[in-house]
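Peer 1: Read in our numbering, the sequence shown has 130 at position 103, and its numbers run on one by one without any break.
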Amino acid sequence: MTIAGLDVGGTKIAGVALAARGGSGSAPPPWTLDDVLARSHRTHSIHGPESLADAVEAAVRELDEQLAAAGHPPVESVGLAIAAWMTRDRETVIWAAHLGVRDAQVRAMLEQRLGMPVTIDNDANGYLVGEAAMGAAADASSSILIALGTGVGGAYVADGRPLIGANGLGAELGHVTVLEAGPLCSCSAHGCLEAFAGGNALRREAASVPAAVALAPDGVPTAAHLAAAARAGDERALAAMAHAGWAVAAGLRRLLPAFDPEVVVLGGTVMLACADLLLPVIERELAEHAPLQGVPQPRRLVLAQLGGHAAAIGAAVLAASPR
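1. What residues are listed by DSSP as bridge partners for H336?
2. Using a Cβ-Cβ cut-off of 7 angstroms (strictly less than) and excluding sequence neighbours within five positions of P62, which residues of its own chain qualify?
3. For the alpha helix (DSSP H) containing H270, name the first residue and the last one.
4. Let me check understanding here. Comparing Cα to Cα, which of E262, A267 and G260 lies closest to T249?
5. On the CB-based measure, 16 or more other CB atoms within 10 Å of its CB, does R88 come out buried or exposed?
6. CA-CA distance, E103 and N152?
7. Quick one: Cα of W58 to Cα of A160, how far?
8. Can you give the Cα-Cα distance for S348 and I30, rounded to whole angstroms?
9. Got a sec? Which residues, its chain only, sit under 7 angstroms from A343 by beta carbon, not counting five neighbours each side?
10. For L155 versus S170, is the C-beta distance shorter than 8 angstroms?
11. Could you give the DSSP three-state label for T38: helix, strand or coil?
12. Is R134 close to chain B? Criterion is C-beta to C-beta, closer than 8 angstroms.
13. So, for A277: in the same chain, excluding its five sequence neighbours on each side, which residues have a beta-carbon less than 7 angstroms away from its beta-carbon?
14. For R117, does the count of other Cβ atoms within 10 angstroms reach 16, so buried, or fall short, so exposed?
15. Of the residues C214, L319, A208 and A257, which one's Cα is nearest the Cα of E232?
Below is the structure:
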């Protein structure tokens, strides 16, 4: 059997096809990158449930064409990682803001359209399940993810399974409060990690840094312009990036005693693009203000390894072993 994993973001769908697992006994062999039979990446203009179904069907068809060309069996089940809030049973998408999908029974709709089993989860869970299966956390039994993108995603995985929570919203780590008097977050609370370290937060900071504004051709700087100004030695840009690193460390100081993970995976487009500026600050802050200082806590902070297909790989892995 071949399993498709699809990561549906705001403007793109990343896809993979994984080979079914074999092996004797109760424990299957570990996943490796050799299990990835095909990869795809396509843009989309999804708005609403029907166009979501159309885009997913087209992505599966593209993977099937690659599989057929290579002599592999076609897709027989699909895992979907989607930036959305969803019910605990993962049947209904409550709200996917970037896709215009609200209160839709996405799993049943896709199963009917595709004629095969479908598993769905949110994108951060897919991201960390992928890294836990064959990436940065593959040698750990427990891990947490902090993913700095447009916002800040988070996940907790133990023994290959993500934490779902009572209402399907478990491990929303980007909304851990790091400073009660901090800026307004997209969730309407104040002082969340996302309000300090997400791409939108860094874009807000960049607008007040003249060196970053000067680097933007249209005068509207992004996190990338802020990082470039920091690398050029601008003190205000360096301070803004350091404050974002402080916020990540402050969040981790609250999360590490709660979850006690073997590995902390730091990922997302902003984190990976700015790791040279953020990671030293995070490591220094944790070393100087470690939680539970009297207890030995061997831990590792590692950068995500699977790139833009991590969540797609995780979605396929979840589909291979549904709850």
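For glycine and all other residues, C-beta sits at the position ideal for the given N, C-alpha and C.
Peer 2: In short:
1. Among the bridge pairs identified by DSSP, H336 is matched with none.
2. Here the sequence assigns Asp to residue 62, which means Pro is not the residue at that position. Once the five neighbours on either side are set aside, the close Cβ partners of D62 are L45 and A46.
3. E262 to F286
4. Check the Cα spacing between T249 and each of E262, A267 and G260: the tightest is with A267.
5. exposed
6. 22 angstroms
7. 6 angstroms
8. About 11 angstroms.
9. I30, A31, G32, V43, L45 and G106
10. yes
11. coil
12. This model lacks chain B altogether; it includes just one protein chain.
13. V205
14. buried
15. A257
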